[in-house]
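Chains as they are written, first to last, in the working numbering: chain A, 2 to 361; chain B, 2 to 361.
Glycine included, each C-beta is placed from N, C-alpha and C at the ideal position.
Working notes for the structure below.
Protein chains: 2
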Amino acid sequence: MRVYNFSAGPAMLPIEALTVAQSELTDWKGSGMSVLEVSHRGKDFVACAAETEQLMRDVLSVPDNYKVLFLQGGASGQFDAIPLNLTAVGDRVNFINTGQWSAKAIKAAKAQGLDVSVIADQAASGYTDTPAADSLVIDPSAAYVHYTPNETIGGVEFGYVPNTGEVPLVADFSSTILSRPINVADYGLIYAGAQKNMGPSGLCVAIVRDDLLGKARPGTPSIWNYAEMAAADSMLNTPPTFGVYLLGLILKWVADLGGLPAMAERNRAKAEALYGYIDASSYYSNPVAADSRSWMNVPFLQANADLDKAFVAEAAAAGMTNLAGHRSVGGMRASIYNAMPAEGVQALIDFMTDFERRNG
Amino acid sequence: MRVYNFSAGPAMLPIEALTVAQSELTDWKGSGMSVLEVSHRGKDFVACAAETEQLMRDVLSVPDNYKVLFLQGGASGQFDAIPLNLTAVGDRVNFINTGQWSAKAIKAAKAQGLDVSVIADQAASGYTDTPAADSLVIDPSAAYVHYTPNETIGGVEFGYVPNTGEVPLVADFSSTILSRPINVADYGLIYAGAQKNMGPSGLCVAIVRDDLLGKARPGTPSIWNYAEMAAADSMLNTPPTFGVYLLGLILKWVADLGGLPAMAERNRAKAEALYGYIDASSYYSNPVAADSRSWMNVPFLQANADLDKAFVAEAAAAGMTNLAGHRSVGGMRASIYNAMPAEGVQALIDFMTDFERRNG
């Protein structure tokens, strides 16, 4: 019995990919070994990693002048690794602050000695919106501009890509990668923890434009040095092999369903259904500005907040798990990543309707 | 059909643990979710991580004044993280160099600005032995002494624990942890990548004495800051959840078999059988000093090195995989970690006998 799992991450994965992983967990491709047990330097795993990278390139249409790196330490690790790779101490960088993940990236950049200029901060709205595209003033001397295309906690997603001119744009795509097509060439660096749309925690993917390689500070840990990792095909050290393998299975699932255009249609429809229901309700509400609502993470409140625990518990009993809102936000949150089917969102809407009828 | 897998890492895992992981990969504990899909902050996974930590403490008899940390980035990450956590730039540290993994740790310590004094270097023997215990002269001003209890490539293992007096002893236990009892109190810091005796790659365990916490340099990446990670129960960021879960299953397997005393007996018997066979042979040889032979990694040569590829290929066809020696050493290497049963070692000996009969 599988449930509809609305966890913000680690999150629901495609059952099609999980079933393949399960079937071969003790005997991968007839080798008599698990993929967990084979050397990363052996030809079978090297081929697996190369196939995963190629699928990533194909699905995201990654241009040839970008490296795809498989790293460890998650987006939180990259908060430190990015300054170490792209800047010297004292360099000016620009940040857009749209919520808690932006703020963590800013804190780490400051700790790495950068001159951080926050060019937009959505504190006035309680971090429920994104800045107007034409309000952004980029410092042309900045080493890069960093933003968070989707804030997992606030449920805030950019409806546009900031235009930073010649200044490299760096983006934490952890909770939105693979959810819709993007133009990789708009970015200098894209990074994302795997545990929402790509697979298990412990794998982090970085997509880096070639001209940003080779600028690392002395003392940058080797396993986070983009140039060293690129030169070693992400195998300077032992990679998180199971994560790379599972990412490959998930990318095949995405490709089989029609790639990112199909994912976008699927995710748009799910988001429209849920936001449409919430907006039509006088009992439920979502605080986020209409043009900044996340397709992936939908926080919502009910009129009687005293019933939040009951809502979450009754939903779980009905086969819809992990709907509690983030502790800093309260209420509920439905994370509806790629693997959540439309049927799961409809089941949630039906439950919300019933819950309101009984309690509203 | 399972094979005997002699890979140096990622390596053979206990089929008992793999089978449990397989059986619940799409439905963990009746939750309707995979362990890969649940939030690390949810009560089920928090309990899983706490249970894994407690098993680690019980199996290794970890004293109360040590923290057990679940990290990412492997031992290679720790090569940088250790200097960042335990020293200031310019501090004196002592290293013992017994081979390639020692050398990598030394290189990283130098890159982090340390005054590295190598107090023993086994270059004269071609890194086929360990220094005499009474030959080690520790610098009392050193921030720590680092050594590699088992060199995975050279197959060299210390038969004793260096006595460093008041200077903290730091040890890379990647390829020997859980293979026999150790006295954790002899060490200031123990660290180990999981992918030999503990589980999948992508998880790294550190066991740190309390008085070594809180000395990190400014700018130490948060996810590698021992004090910050200890304060956050290793969940400052999303941990590699599947690795923590699988480590728990493997620790249960170790405990069920009788813990580390039983593992030591099992590993001693395997090593004695294989080294005994090699020593009695005039066709096969092992270059390592008798008192420094690894219980985990057994490199060996045959008289006719032209037949190495044939040996490895024919062994694989007979169900014994990954016997090629490291490219820097040549010949063959049999890694016989905890999960390798005595039957696997006997099968290898039988094959070696037959191969020599046909080719010797």
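- In this structure, A:V60 and A:G331 do not form a Cβ contact; the two beta carbons are roughly 36 angstroms apart against a cut-off of 8 angstroms.
- Within chain A, no C-beta atom comes nearer than 9 angstroms to that of B:G345; the closest sits roughly 12 angstroms away.
- If you ignore the 5 residues before and after B:L37, its C-beta comes within less than 6 angstroms of the C-beta of F243, all in its own chain and listed in chain order.
- Taking B:L87 as the centre and dropping the five residues before and after it, the same chain places the C-beta of A144, Y145, L213, K216 closer than 7 angstroms to its C-beta, in chain order.
- In the three-state reduction of the DSSP assignment, B:Y285 falls in the strand class, which pools E and B.
- By DSSP's assignment, A:L247 forms no beta bridge with any residue.
- With a 10 Å radius around the Cβ and a threshold of 16 neighbouring Cβ atoms, A:G78 comes out buried.
- Here DSSP, grouped into helix, strand and coil, assigns A:P262 to helix.
- With fewer than 16 other beta carbons inside 10 angstroms of its own, A:P219 counts as exposed.
- Taking 9 angstroms as the cut-off, the beta carbon of B:D28 is found closer than this to the beta carbon of A:M2.
- Contact fails between the region 66-74 of chain B and the region 31-46 of chain B, because fewer than three Cβ pairs, one in each stretch, are under 8 angstroms apart.
- What B:L26 touches in chain A, judged by beta-carbon distance under 8 angstroms, is L19, A22, Q23, L26, going in chain order.
- For B:P241, the closest Cβ of chain A is nearer than 9 angstroms.
- Of the candidates A:A89, A:V90, A:W102, A:I107, the residue whose Cα lies closest to the Cα of A:F96 is A:I107.
- A:E152 sits in a strand when the DSSP states are folded into three classes.
- When rounded, the separation of the alpha-carbon atoms in B:Q303 and B:Y285 is 4 angstroms.
- Distance from the CA atom of B:Y278 to the CA atom of B:L250, rounded to whole angstroms, is 33 angstroms.
- By the criterion of at least three beta-carbon pairs nearer than 8 angstroms, the region 51-66 of chain A is in contact with the region 174-186 of chain A.
- One alpha carbon belongs to A:G320, the other to A:Y5, and they sit about 6 angstroms apart.
- The DSSP-derived three-state label of A:I337 is coil.
- Across the region 288-312 of chain A, no CB contact with chain B closer than 7 angstroms is found for any residue.
- Taking 9 angstroms as the CB threshold, A:W29 stays off the interface with chain B.
- Checking the DSSP bridge columns, you'll see B:P300 partnered with B:R334.
- Within the region 253-271 of chain B, no residue has its Cβ closer than 8 angstroms to any Cβ of chain A.
- By the neighbour-count criterion, in which 16 or more other beta carbons inside 10 Å mark a residue as buried, B:P141 falls on the exposed side.
- When Cβ-Cβ separations below 9 angstroms define contact, A:N339 makes no contact with chain B.
- Note on geometry: alpha-carbon atoms of A:A195 and B:W102 lie some 29 angstroms from one another.
- Across the structure, A:E344 and A:E167 are spaced so that their CA atoms are roughly 44 angstroms apart.
- Counted as a single uninterrupted DSSP element, the beta strand (DSSP E) harbouring A:A193 occupies residues 190-194.
- In this structure, the alpha-carbon of A:F159 lies about 32 angstroms from that of A:D234.
- Taking a C-beta distance under 9 angstroms as the contact criterion, A:V289 and A:R334 do not qualify as a contact pair.
- The alpha-carbon of A:V117 is positioned some 37 angstroms away from that of A:E273.
- Under DSSP, B:Y67 takes part in a beta bridge, and its partners are B:R210.
- A straight-line Cα-Cα distance of about 55 angstroms links A:A121 and B:D122.
- Going by C-alpha positions, A:A348 is about 53 angstroms away from B:M297.
- Contact between B:S35 and A:L19 is confirmed by a C-beta separation of about 6 angstroms, below the 8 angstroms threshold.
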